[in-house]
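J.: Under the UniProt record's numbering, the letters of the sequence shown match residues 1 to 128, in that order.
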Amino acid sequence: MSKTDLSDIYRDYIACLNRQDWSVLGRFVDDDVCHNGRRIGLSGYREMLEGDFRDIPDLRFNIALLISNASHVACRLAFDCSPKGRFLGLDVDGRRVSFSENVFYEFRDGKIVEVWSVIDKTAIEAQL
């Protein structure tokens with residue numbers, strides 16, 4: 001797969017997340033997907049994302065930096081949102097916070113099979 005194709009697939013995946021169009025998530029995510037070294041499968045991945053949108057009603061994924069090759073995508077996602085209650089163990093309680101997430105994806109046959117994610121919790125702490 002070419003870098004352009006994978007970048008386009010990834011952008012379509014992000015659009016799917018922002019629409020919360022869970023019925024098409026399987027077009028982008030493999031049935032046996034792993035997240036941070038743990039196999040959670042497509043259903044677990046969907047549950048994780050649904051929980052994120054429940055906890056952060058104004059959640060929107062914004063691509064700040066995107067790099068891809070034939071099988072991997074590296075992305076810096078930017079967030080500006082208001083999580084309800086506790087978020088990452090912090091009492092955010094609806095306050096607006098801005099932070100980034102650095103995510104690496106491995107693709108196989110056009111679908112995400114591995115995700116490694118790190119959220120910049122320090123940036124959130126500094127705002128609270």
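Cβ atoms here follow ideal geometry from the backbone N, Cα and C, with glycine treated the same way.
Between the Cα of Val73 and the Cα atoms of Phe79, Ile63, Asp80, which residue gives the shortest distance?
T.: Taking the first residue of the sequence shown as 1, we reach residue 73 at position 73. Out of Phe79, Ile63, Asp80, Ile63 has the C-alpha closest to the C-alpha of Val73.
J.: Whole angstroms are fine: how far does the CA of Phe99 sit from the CA of Phe79?
T.: For the purposes of this step, residue 79 is identified with residue 79 of the sequence shown, where counting begins at 1. For the purposes of this step, residue 99 is identified with residue 99 of the sequence shown, where counting begins at 1. Computed Cα separation, rounded: 5 Å.
J.: If Cys81 sits next to Asp58, beta carbons under 8 Å apart, how far is it from one beta carbon to the other, in whole angstroms?
T.: Within the sequence shown, the letter at position 81 stands for residue 81. Within the sequence shown, the letter at position 58 stands for residue 58. Contact holds; Cβ gap of about 5 Å.
J.: Would you identify the three-state DSSP class for Lys84, choosing helix, strand or coil?
T.: As a first step, residue 84 is located in the sequence shown; it is residue number 84 there, counting from the start. Three-state DSSP puts Lys84 in coil, outside helix and strand.
J.: Assign Phe53 to one of three DSSP states: helix, strand, or coil.
T.: Within the sequence shown, numbered from 1, the residue matching residue 53 stands at position 53. It is helical.
J.: Look at the alpha carbon of Ile9 and the alpha carbon of Leu17, and state the distance between them as a whole number of angstroms.
T.: As a first step, residue 9 must be located in the sequence shown, where it is residue number 9. As a first step, residue 17 must be located in the sequence shown, where it is residue number 17. Cα-Cα distance, rounded: 12 Å.
J.: Would you mind working out which of Ala123, Thr122, Asp21, Asn102 sits nearest residue 174, comparing C-alpha positions?
T.: There is simply no residue 174 to check, as the chain begins at 1 and stops at 128 in what is shown.
J.: Looking at C-alpha atoms only, which residue of Arg38, Arg39, Ser7 is the closest neighbour of Phe28?
T.: Residue mapping note: residue 28 aligns to position 28 of the sequence shown, counting from 1. Minimum Cα distance to Phe28 is reached at Ser7.
J.: Suppose the cutoff is 6 Å on Cβ atoms and the five residues either side in sequence are ignored; what does the same chain contact list for Arg86 look like?
T.: Stepping through the sequence shown from its first residue, residue 86 is reached at position 86. If we look at Arg86 and ignore the five residues flanking it on each side, it has no Cβ neighbours.
J.: Please report how far the alpha carbon of Ile56 lies from the alpha carbon of Ile124, in whole angstroms.
T.: If you number the sequence shown from 1, residue 56 lands on position 56. If you number the sequence shown from 1, residue 124 lands on position 124. The straight-line gap from Cα to Cα measures roughly 14 Å.
J.: Let's test the definition: count the other Cβ atoms within 10 Å of the Cβ of Lys121 and tell me whether it reaches 16, buried, or not, exposed.
T.: Residue numbering aside, residue 121 sits at position 121 when the sequence shown is read from its first letter. It counts as exposed.
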